[in-house]
Structure formats: C-alpha cells, structure tokens
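J.:
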Amino acid sequence: MLVIVSMELLRQLRKIATGVVLVISLLLGVSSIFLNNASGLEAKKIVYLSFDDGPHPIFTPLLLALLDEHGAKATFFPIGHRLEERWESDDLHDLLNRGHALGNHSWTHRDLTKESKENLYFQLDRTSKQIESMTGFRPNCFRAPFGERNNNVLAVAEELGMKHVAWTIDPQEWREPSIEEAMEHISERFENGAILLLHDRRFLTLPILHEVLKRFPSSEWDYRTIPECKVDNEKTVRSTFREKDAVPVGNVTEVVKISENFKFSGWGYDPDMPEGGLQINLSANSNIENFSFETNSDHEFTFEIPDFEIGSPVCLWLENEGLLRHNTFLGCHNAS
Ligand SMILES: [Zn+2]
304 MLVIVSMELL RQLRKIATGV VLVISLLLGV SSIFLNNASG LEAKKIVYLS
354 FDDGPHPIFT PLLLALLDEH GAKATFFPIG HRLEERWESD DLHDLLNRGH
404 ALGNHSWTHR DLTKESKENL YFQLDRTSKQ IESMTGFRPN CFRAPFGERN
454 NNVLAVAEEL GMKHVAWTID PQEWREPSIE EAMEHISERF ENGAILLLHD
504 RRFLTLPILH EVLKRFPSSE WDYRTIPECK VDNEKTVRST FREKDAVPVG
554 NVTEVVKISE NFKFSGWGYD PDMPEGGLQI NLSANSNIEN FSFETNSDHE
604 FTFEIPDFEI GSPVCLWLEN EGLLRHNTFL GCHNAS
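Numbering (the working numbering), first residue to last: 304 to 639.
Written as structure tokens, this is what we have:
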C-alpha cells in the first residue's frame, strides 16, 4: 500500500516537475523573443571596416555601392594629396551622407616616425586642412601610414585634435594573397569590436569585402563607423559650409526598432530651402509602396515605417531643390 502510494506520488511529482520545466522553458523562450525584439539592432556584434590609401576613381565608388547593398558603414582614411587630385567636395560629402566616416592618413603616406617635427606637422596638418576645405570640418582621428607611430607623432596629432586609430585585422591584400588565404586570416580574428584594415586603392579589396559581408552578414553583424572619428556638430558644420544652389547634405543618425516599427532619425539641409520642409524619399524594395517625409524647421527628420521583413536595407534620398541637379543619396540602412 505504502509502496503503491509513493509510486503514485512519484508519478504525480514527475508530472508536476515536467509541467514546471515546460512552463519555465516557455517563459524563457517568450522572454528571449521579447528581449530580442526589444533590444533590436543592439543585439548584433559590432565590427568596424576601414579603408586606407584612397580615393581610387573606380574602386572607391564600387566599394561604396557594395557597402550600401548590405547597409554596412565604414571609416575611410584617404591620402591627403590624392583627395586634392581626385575628388571634389561633393564626392566627400556623398561618402559622409551615406553614413561613413573620415580620418586623416597623412599627405603623402610617409613613415611619420622618420620625419622631422616640421614635416610631421605638415603631413598631418595639410591633410586636415584639405578635408576641412572640402567638408567644413577637420578630422578627429588619424591612422599613421604603415601604423608607424611614436610619442612625437601622437603628440603632434593630439595638438591637431586627433586620436590614433589602429586595426585588429590586416589581411595584407597588397601582397596579393588568394581570397581563401585572406578570408582565413580575417575569419580567425573576426569578433565583436574588431577593426578590419583594407585598402580602397586595390581591386582585390572588392572581392574580399564581398566575401566578408557574405560570411558575416549584416543581419548578424553591425558594421559601424569608428567612434573616435565621429565629428561633433556634424550637422551644423556641414550645413554652414553649404552654398546656395549646391545639392543638399544630410545623414541618417539612428535606426531603432520600436515594437513593430523602425524609427529613422537624421537631418537634411538644402541651402535653397532654409526654412526646412525638404522632402526625404525612401525606398524599401520595388514591391513595396515608397514613402516620403519632410524635414522640420531645424532640418531634422524622424519617422517610423513598419517592419517589412524584406531582409534588404532601406535606402533614402533627399530631394534636391533649386538648380536642377541630382538628389542626395543618404545610403542604405538595415531595418530587419
Ligand atoms: Zn596606408
């Protein structure tokens, strides 16, 4: 009798225990779904792409297009004299409009540790001046050519308002490795917080970047600009710099998930519309109705769109007013 009862009891207990385990795992499951939704984009691991030694007349624009296809952001360290020779102010604004960042990489790519103090100052200051003459601001970060730096280099850079930015992954694509070799090197070191160094003067960088974005998709990895390179008051300095009849400038500063919607925030400024009301066009994909919004009197915008679950980035344009010229592309951004 006693044995039977305890057997019964045991069976009951086991049932209850199974039930409790089920309820707990259900709760855990639900809460993890909830947490994932609530934290949205922040749940991804953050990585930083950086491209040195540009701009290249063909490879840099192709690279920018590839980044947009994946909603990925990157930081560029162009060489000062190449910027002066090859790019217009509008090209540099285009890079910034699309959400990328800029740093100083010296004027002629010399080993700065071997330069006199005077030349060292020239190499960094001339480049910052060049960037300022094209964008309205001096960069906050620099990357020493070959990564070669000492206390003198760092002190002069600091005097010029710049912090040094190194890297954690360097596949040395200038040595012409195979894509497999480069990817092996990258994959072993690809982790949260990693900074990948590539060169936009090399063709090989394109297939390598293509492979990186395929193997480490932007649905799982958040490709951001290097924080040290962020420009204070970017909106004010870049807007003030803009002259009448020029195409607008702008930036998407934040994309966050709010329940079923994605909230986009940013700014757009057209000198031909000083009161604001600038139209922002948005395209998610060809099958979905396109949306348009307007900037307020502070030249800022905030709007929400539903989660289309289309898995491809949402692209934005600022409608140009004034002289008939192209609209300003604000890049493509992940909202999935
Ligand atoms: Zn370099």
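Virtual Cβ for every residue (Gly too), placed ideally from N, Cα, C.
All of these numbers come straight from a predicted model, not from anything done at the bench.
(1) Which of the three DSSP states, helix, strand or coil, is assigned to Ala-460?
(2) With a threshold of 6 angstroms on Cβ separation, who are the neighbours of Ser-522 within its own chain once the five nearest residues in sequence on each side are excluded?
(3) With a cut-off of 8 angstroms, do at least 3 Cβ pairs link the segment 434-442 to the segment 474-483?
(4) Roughly how far, in whole angstroms, is the beta-carbon of Asn-623 from the beta-carbon of Pro-551, given that I think they are within contact range, below 8 angstroms?
(5) Would you mind sorting Ile-529 into buried or exposed? The rule is 16 or more other CB atoms within 10 Å of its CB.
(6) Pick helix, strand or coil for Leu-344, following the three-state DSSP scheme.
(7) Is His-408 near ligand 1, in the sense that its beta carbon is under 7 angstroms from a heavy atom of that ligand?
(8) At a cut-off of 7 angstroms, is His-412 close to ligand 1 when judged by its beta-carbon and the heavy atoms of the ligand?
(9) May I ask you to list the residues that DSSP assigns as paired with Phe-440?
(10) Examine ligand 1 and report whether any of its heavy atoms sits within less than 7 angstroms of the Cβ of Asp-503.
(11) Give the DSSP-derived three-state secondary structure of Lys-417 in the structure shown.
(12) State the start and end residues of the unbroken beta strand (DSSP E) segment that holds Ala-377.
(13) So, helix, strand or coil for Asn-453, using DSSP?
(14) Between which residues of its own chain and His-384 is the CB-CB distance below 6 angstroms, once the five residues before and five after are set aside?
(15) List in chain order: all unbroken alpha helix (DSSP H) runs of 4+ residues lying wholly within the segment 506-533.
(16) Verify whether the separation of the beta carbon atoms of Tyr-572 and Gly-553 is less than 8 angstroms.
(17) So for Gly-402, helix, strand or coil by DSSP?
(18) Enumerate in chain order the residues of its own chain whose CB-to-CB distance from Val-456 is below 7 angstroms, with the five nearest sequence positions on each side excluded.
(19) According to DSSP, which residues form a beta bridge with Val-350?
T.: Taking the geometry as given:
(1) helix
(2) none
(3) no
(4) 6 angstroms
(5) Around the beta carbon of Ile-529, 16 or more other beta carbons sit within 10 angstroms, so the residue counts as buried.
(6) Confidence is the limiting factor: at Leu-344 the pLDDT is only 48, short of 50, which leaves the residue's position unreliable, though a coordinate-based value still follows. Correct three-state label for Leu-344: helix.
(7) yes
(8) yes
(9) Bridge partners of Phe-440: none, in fact.
(10) no
(11) helix
(12) 377-380
(13) coil
(14) Trp-410 and Thr-411
(15) 508-518
(16) With respect to the 8 angstroms criterion, Tyr-572 and Gly-553 are classified as neighbours on the basis of their beta carbons.
(17) coil
(18) Leu-415, Thr-416, Leu-423 and Ala-447
(19) Tyr-526
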